[in-house]
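Colleague: Using our numbering, the letters of the sequence shown correspond one by one to residues 1277 to 2035.
All C-beta atoms in this analysis are idealised placements derived from N, C-alpha and C, irrespective of residue type, glycine included.
Here it is, the structure in full.
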Amino acid sequence: MATSKGIRYQDSVHTHVDALDERPPGKPAELKKLAALGIETVGDLLSHYPWRYADSREVTDIASLAVGRNVSLVAQVRSAEVKLAQRTGKPRVEAKVTDGSRTLDLVIFMPHRGAADFHVKRLVPGSLGLFSGQINIFNGRLQLANPTYAIFGHEIDEAVALEEAEWPIPIYPATAGLESDKIRAAVRSALDPLTEQDVSDPVPDVVREQRHLASRWSALRAVHVPQTEEDWRKGQARLRYEEAFVLQAELARRRAHAQREESTARPARSGGLLEAFDARLPFVLTDGQVAAGEQIAADLARAHPMQRLLQGEVGSGKTVVALRAMLQVVDAGGQAALLAPTSVLAGQHVRTLRAMLGDLAEGGLLGGSEIGTRVALLTGAQSTAERRSNLLEAASGQAGIVVGTHALLSDPVQFADLGLVVIDEQHKFGVEQRGRLQAKAANTPHLLVTTATPIPRTVAMTVFGELEISELRHVPAGRSGITTHVVPADNRPWMDRTWSRVREEVERGGRAFVVCARIDADEEADDGADGADLAPDEPTTVGEAQAAAQRAPKKPLRAVLEVAETLRTDPRLGGVAVGFLHGRMTSEDKDRAIADFASGKTPVLVSTTVIEVGVDVPAATIMVILDAHVFGLSQLHQLRGRVGRGSAPGLCLLVADAPEGTVAAQRLGALAATTDGFELARVDLELRKEGDVLGSAQSGGRRALRFLRVVSDGAVIDRAREDARALVEADPELTAWPALRAAIDVQLADGREEFLGQS
Ligand code: ADP
Ligand code: MG
1277 MATSKGIRYQ DSVHTHVDAL DERPPGKPAE LKKLAALGIE TVGDLLSHYP WRYADSREVT
1337 DIASLAVGRN VSLVAQVRSA EVKLAQRTGK PRVEAKVTDG SRTLDLVIFM PHRGAADFHV
1397 KRLVPGSLGL FSGQINIFNG RLQLANPTYA IFGHEIDEAV ALEEAEWPIP IYPATAGLES
1457 DKIRAAVRSA LDPLTEQDVS DPVPDVVREQ RHLASRWSAL RAVHVPQTEE DWRKGQARLR
1517 YEEAFVLQAE LARRRAHAQR EESTARPARS GGLLEAFDAR LPFVLTDGQV AAGEQIAADL
1577 ARAHPMQRLL QGEVGSGKTV VALRAMLQVV DAGGQAALLA PTSVLAGQHV RTLRAMLGDL
1637 AEGGLLGGSE IGTRVALLTG AQSTAERRSN LLEAASGQAG IVVGTHALLS DPVQFADLGL
1697 VVIDEQHKFG VEQRGRLQAK AANTPHLLVT TATPIPRTVA MTVFGELEIS ELRHVPAGRS
1757 GITTHVVPAD NRPWMDRTWS RVREEVERGG RAFVVCARID ADEEADDGAD GADLAPDEPT
1817 TVGEAQAAAQ RAPKKPLRAV LEVAETLRTD PRLGGVAVGF LHGRMTSEDK DRAIADFASG
1877 KTPVLVSTTV IEVGVDVPAA TIMVILDAHV FGLSQLHQLR GRVGRGSAPG LCLLVADAPE
1937 GTVAAQRLGA LAATTDGFEL ARVDLELRKE GDVLGSAQSG GRRALRFLRV VSDGAVIDRA
1997 REDARALVEA DPELTAWPAL RAAIDVQLAD GREEFLGQS
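Right, dumping it as structure tokens:
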């Protein structure tokens, strides 16, 4: 049962009897096959939607069929006969179907004569059918072997067939034992006896009237038994709205719920750490930072928990805004926890804070300032003694700020008075972890989440829907920006030029990152973002890289240790010092590698994607990404965000094995063409499957969202959100809408909780 912060929906929702909860009609053997598709009830069956519609009047052009493609074509049977194999005597059906001008061969192999005869009886010459399968070539002719097929008019009486001949034919996702036409028949016999009253509607009448939406029952009829194309399009539109609405209703409910919760107000105070920090800032805050800062300051001053997402371009200064929020809370007497995705980043945040706060970060030490506090660090790789003293500082309240990786989430970590949780670079954390950290406070703490890369607003509204959104639209002025080029890995002169550019940058005082997909040669793929410190359910990015690597197994991927070794003696680099960094090194070694890189002791750093998020070395001017084709687009954008942060322009060279026309080439081309992260995010989402966007719960098997596309259905999501918020305002726990609550429960079952996030 879905719970959220101890709220349980009343059990009445679950005893609510519905015709849709019953078993579908049909023979036991058929029911078993349906069950294999996850269909147990009438409701399941009716939400097994057609994946497309065939038009029985439109015969497919056989000339357009390509070898190797899976096709579903409408054609007319010309002939069908049984033939026997010469040697084995095994029967097969040979048939020809036509589109009126060309013919296509069909062959169906059968174990015995009776089964073959059965097919010949169905394949009556002159009848029209839908044939699905893979097109191959046999004896120089196109052939469809062992197709699944449905003859129109088959198994329904003639009068009906005549009437329905012109209707679109729904094609269902099928399995070997259960063809589309069988599913279609099962759906019809389940749907036909139902009336409008039998099908409860999660979209309340008030909303339906306002938006001129049909009932759920008529939408189901429209998608399963459409009489025109317009029917199924309208039906889909209504179901699409419903998906958005159910989702937004739950998000609105959670938001309202959180707003009613008590939290300690942490208003800004003058003469505190925040003012001292601001006074030491070496730059002026951008307008966006000021605006976001004001929104956050106001949220923190309220006695209800802030729930805010701060999103913006890589390098737009999100972290600075987050640090300022933390200091306001410390000034007000509370503690703030900052959850970072890698220990490298956690370490960097601690160094930034300590450097900027100076003696103010030595509170409690002899000679430390009076208003000071301490900054504690907690990562998985610390020694026991170190860890113990940091745990103590957190629990005693001595440390106003506790920075850490997911080690912060573990049980022994306690706070004296946790007032704010900041989750930096959110993409790296499972949403459930927010909840775990918030649970460490007596009173619900305020929450600030920052994104790793910009995401389109519609995605933010869906994935982080219960959060208010602040956006940083611009990067600070004075950045010279970054130029990106794709370098084909097999182009010798370009590669020479790449390495001599690295040398030139270093000679000019710059630093160079060289990014590899793997750590060492005999490893499958990189641990990239810091194996030991990573949230276990993490990263789409490394997974993406692995998947891409598996798709293109041609050449082994370059590895950090090997590349660092060869670069040291590479004449093109002229002997500059080369360091390396990867997730399997100890924290101290990592810190040293970054420090040596920053200081210029090793001006070239060969690294895995462990530097992907947040690493801030302003002198870095060039980045070479090897095997760039195996990385995800947002990951590459994030990576190149490491250079061009200072006053010198940045250069990013994507060394890739990406033949023209491949998706990888498209991705890299898009990246070279723009530095606008929002635009890239849009392109990325277009090139990827929806499942990847929403997380694993969405990609496997049945999906909560069948018709809604978060990338392109912004207008629908907007409307649904508006309606849902209005409904929740009037009725915060949706007591009056059992059907809506039941629909929410269904969406949250099957592990979809992950999708909504846990607030
Ligand atoms: P993000 O977290 O959004 O990627 P950061 O907060 O890490 O960005 O900021 C990137 C870099 O820009 C850091 O070196 C930071 O000190 C610097 N920075 C932040 N805000 C400003 C500003 N207003 N003007 C100049 N530099 C800034
Ligand atoms: Mg950051």
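Within 10 angstroms of its Cβ, does Asn1666 collect 16 or more other Cβ (buried), or is it exposed?
Modeller: Numbered from its first residue, the sequence shown carries residue 1666 at position 390. By the 10 Å Cβ count, Asn1666 comes out buried.
Colleague: Determine the DSSP secondary structure at Met1632, reduced to helix, strand or coil.
Modeller: Here residue 1632 refers to the residue found at position 356 when the sequence shown is read from its first residue. If DSSP states are grouped into helix, strand and coil, Met1632 belongs with the helices.
Colleague: Secondary structure at Asp1766, three-state DSSP: helix, strand or coil?
Modeller: Start at 1 with the first residue of the sequence shown, and residue 1766 comes out as number 490. Note: Asp1766 maps to coil in three-state DSSP.
Colleague: Which residue comes first and which comes last in the alpha helix (DSSP H) that contains Tyr2100?
Modeller: Past the edges of the chain, shown from 1277 to 2035, lies residue 2100, and the structure says nothing about it.
Colleague: Label Arg1943 either buried or exposed according to how many other C-beta atoms from any shown protein chain fall within 10 Å of its C-beta, with 16 as the threshold for buried.
Modeller: As a first step, residue 1943 must be located in the sequence shown, where it is residue number 667. Arg1943 is buried by the Cβ-count criterion.
Colleague: Counting only the same chain and skipping the five closest in sequence on each side, list residues whose C-beta sits under 7 Å from that of Ala1996.
Modeller: By 1-based counting over the sequence shown, the position of residue 1996 is 720. Once the five neighbours on either side are set aside, the close Cβ partners of Ala1996 are Tyr1517, Ala1520, Phe1521, Gln1524.
Colleague: Measure the CB-CB distance between Leu1406 and Val1318 and report whether it falls below 8 Å.
Modeller: The count along the sequence shown starts at 1 and reaches residue 1406 at position 130. The count along the sequence shown starts at 1 and reaches residue 1318 at position 42. For Leu1406 and Val1318, no; Cβs fall outside 8 Å.
Colleague: Is the closest heavy atom of the ligand MG to the C-beta of Glu1701 under 7 Å?
Modeller: Here the question's residue 1701 lines up with position 425 in the sequence shown. The answer is yes for Glu1701.
Colleague: Roughly how many angstroms lie between the CA atoms of Asn1412 and Leu1380, to the nearest whole one?
Modeller: Taking the first residue of the sequence shown as position 1, residue 1412 is located at position 136. Taking the first residue of the sequence shown as position 1, residue 1380 is located at position 104. Rounded to whole angstroms, Asn1412 to Leu1380 spans 11 Å at the Cα level.
Colleague: Examine the Cβ distances between the region 1712-1724 and the region 1537-1553 and report whether three or more of them are shorter than 8 Å.
Modeller: Contact between the region 1712-1724 and the region 1537-1553 is present, because at least three Cβ pairs lie under 8 Å.
Colleague: How big is the Cα-Cα spacing for Trp1493 and Val1479?
Modeller: In the sequence shown, residue 1493 corresponds to position 217, counting from 1. In the sequence shown, residue 1479 corresponds to position 203, counting from 1. Rounded to whole angstroms, Trp1493 to Val1479 spans 12 Å at the Cα level.
Colleague: Tell me whether Glu1589 is buried or exposed, calling it buried when 16 or more other Cβ atoms sit within 10 Å of its Cβ.
Modeller: In the sequence shown, residue 1589 corresponds to position 313, counting from 1. Its Cβ being crowded by 16 or more others within 10 Å, Glu1589 is buried.
Colleague: Excluding the five sequence neighbours on either side, which residues of its own chain have a C-beta within less than 7 Å of the C-beta of Thr1950, listed in chain order?
Modeller: Numbered from its first residue, the sequence shown carries residue 1950 at position 674. Excluding positions up to five away in sequence, the list reads Leu1956.
Colleague: Would you grab the beta carbon distance between Leu1743 and Val1725 for me? Rounded to a whole angstrom, and I think it's under 8 Å.
Modeller: Numbered from its first residue, the sequence shown carries residue 1743 at position 467. Numbered from its first residue, the sequence shown carries residue 1725 at position 449. That pair is a contact at about 6 Å.
Colleague: For Glu1442 and Glu1701, I'd like the C-alpha separation in whole angstroms.
Modeller: Residue 1442 sits at position 166 when you count from the first residue of the sequence shown. Residue 1701 sits at position 425 when you count from the first residue of the sequence shown. One C-alpha to the other measures close to 54 Å.
Colleague: Out of Lys1716, Asp1563, Gln2023, state which residue places its alpha-carbon closest to the alpha-carbon of Pro1688.
Modeller: If you number the sequence shown from 1, residue 1688 lands on position 412. The shortest C-alpha separation from Pro1688 is found at Lys1716.
Colleague: To the nearest angstrom, how far is the alpha carbon of Ala1574 from that of Pro1543?
Modeller: Residue mapping note: residue 1574 aligns to position 298 of the sequence shown, counting from 1. Residue mapping note: residue 1543 aligns to position 267 of the sequence shown, counting from 1. Rounded to the nearest angstrom, the two C-alpha atoms are 8 Å apart.
Colleague: Take Val1396 and list the residues in its own chain whose beta-carbon comes closer than 7 Å to its own, dropping the five residues that flank it on each side.
Modeller: The residue given as residue 1396 occupies position 120 in the sequence shown. For Val1396, where only same-chain residues beyond five positions count, the Cβ hits under 7 Å are Ala1356, Glu1357, Val1358, Val1369.
Colleague: Please indicate yes or no: does the CB of Asp1563 lie closer than 7 Å to some heavy atom of the ligand ADP?
Modeller: Translated into positions along the sequence shown, residue 1563 becomes position 287. Asp1563 Cβ: outside cutoff for every heavy atom of the ligand ADP.
Colleague: From which residue to which residue does the beta strand (DSSP E) around Lys1359 run?
Modeller: What you label residue 1359 is simply residue 83 of the sequence shown in a count that begins at 1. It spans 1346-1360 - the beta strand (DSSP E) in which Lys1359 sits, taken as one unbroken run.
Colleague: With three or more beta-carbon pairs closer than 8 Å as the criterion, would you say the region 1553-1573 touches the region 1598-1609?
Modeller: Cβ pair count under 8 Å is three or more, so yes.
Colleague: Quick one: what's got a C-beta closer than 7 Å to Ile1384's C-beta in the same chain, skipping five residues either side?
Modeller: Taking the sequence shown and counting its residues from 1, one reaches residue 1384 at position 108. Excluding sequence neighbours, Ile1384 sits near Arg1368, Val1369, His1395, Asn1422.
Colleague: Are the region 1576-1589 and the region 1726-1735 in contact at 8 Å, needing three or more beta carbon pairs?
Modeller: Short answer: they touch.
Colleague: Specify whether the region 1526-1534 and the region 1487-1504 touch according to this definition: at least 3 beta carbon pairs, one from each stretch, less than 8 Å apart.
Modeller: Too few Cβ pairs lie closer than 8 Å, so no.
Colleague: Would Gly1402 and Gln1352 qualify as a contact pair, given that the criterion is a beta-carbon distance under 8 Å?
Modeller: Translated into the one-based positions of the sequence shown, residue 1402 becomes position 126. Translated into the one-based positions of the sequence shown, residue 1352 becomes position 76. It is a contact, given that the beta carbons lie within the stated cut-off.
Colleague: For His1388, does the three-state DSSP call read helix, strand or coil?
Modeller: Here the question's residue 1388 lines up with position 112 in the sequence shown. Three-state DSSP puts His1388 in coil, outside helix and strand.
Colleague: Asp1337: which of Ser1377, Pro1301, Asp1320, Ile1315 sits nearest, CA to CA?
Modeller: Working through the sequence shown from its first residue, we reach residue 1337 at position 61. Closest option to Asp1337, Cα to Cα, is Ser1377.
Colleague: Does DSSP put Arg1921 in a helix, in a strand, or in coil?
Modeller: Counting from 1 along the sequence shown, the entry for residue 1921 is found at position 645. DSSP places Arg1921 in coil when its eight states are reduced to three.
Colleague: Buried or exposed: where does Lys1594 fall if 16 or more other Cβ atoms within 10 Å of its Cβ makes it buried?
Modeller: Against the sequence shown, residue 1594 aligns to sequence position 318. Buried is the call here.
Colleague: When DSSP builds the beta bridges, which residues end up paired with Thr1424?
Modeller: Start at 1 with the first residue of the sequence shown, and residue 1424 comes out as number 148. Bridge partners of Thr1424: Ser1408.
Colleague: Quick one: is Leu1557 buried, meaning 16 or more other Cβ sit within 10 Å of its Cβ, or exposed?
Modeller: Here residue 1557 corresponds to residue number 281 of the sequence shown, with the count starting at 1. By the 10 Å Cβ count, Leu1557 comes out exposed.
Colleague: Comparing C-alpha positions only, which one of Gln1486, Ser1476, Phe1983 sits nearest to Tyr1325?
Modeller: Translated into the one-based positions of the sequence shown, residue 1325 becomes position 49. Comparing Cα-Cα distances from Tyr1325 to each of Gln1486, Ser1476, Phe1983, the minimum goes to Phe1983.
Colleague: Which residues in the same chain have their Cβ closer than 7 Å to the Cβ of Ala1823, if we skip the five residues on either side of it in sequence?
Modeller: Working through the sequence shown from its first residue, we reach residue 1823 at position 547. Because Ala1823 sits at a pLDDT of 46, beneath the cut-off of 50, its placement in the model cannot be relied upon, and the following sentence gives the value as read from the coordinates. Here the set comprises nothing.
Colleague: Check whether the Cβ atoms of Ala1948 and Val1882 lie closer than 8 Å to each other.
Modeller: Here residue 1948 is taken as the residue at index 672 of the sequence shown, counted from 1. Here residue 1882 is taken as the residue at index 606 of the sequence shown, counted from 1. No; because the gap between Cβ atoms is not below 8 Å, this pair is not in contact.
Colleague: If you measure between the beta carbons of Ile1447 and Ala1330, is that distance less than 8 Å?
Modeller: Start at 1 with the first residue of the sequence shown, and residue 1447 comes out as number 171. Start at 1 with the first residue of the sequence shown, and residue 1330 comes out as number 54. Result yes, Cβ atoms of Ile1447 and Ala1330 sit closer than 8 Å.
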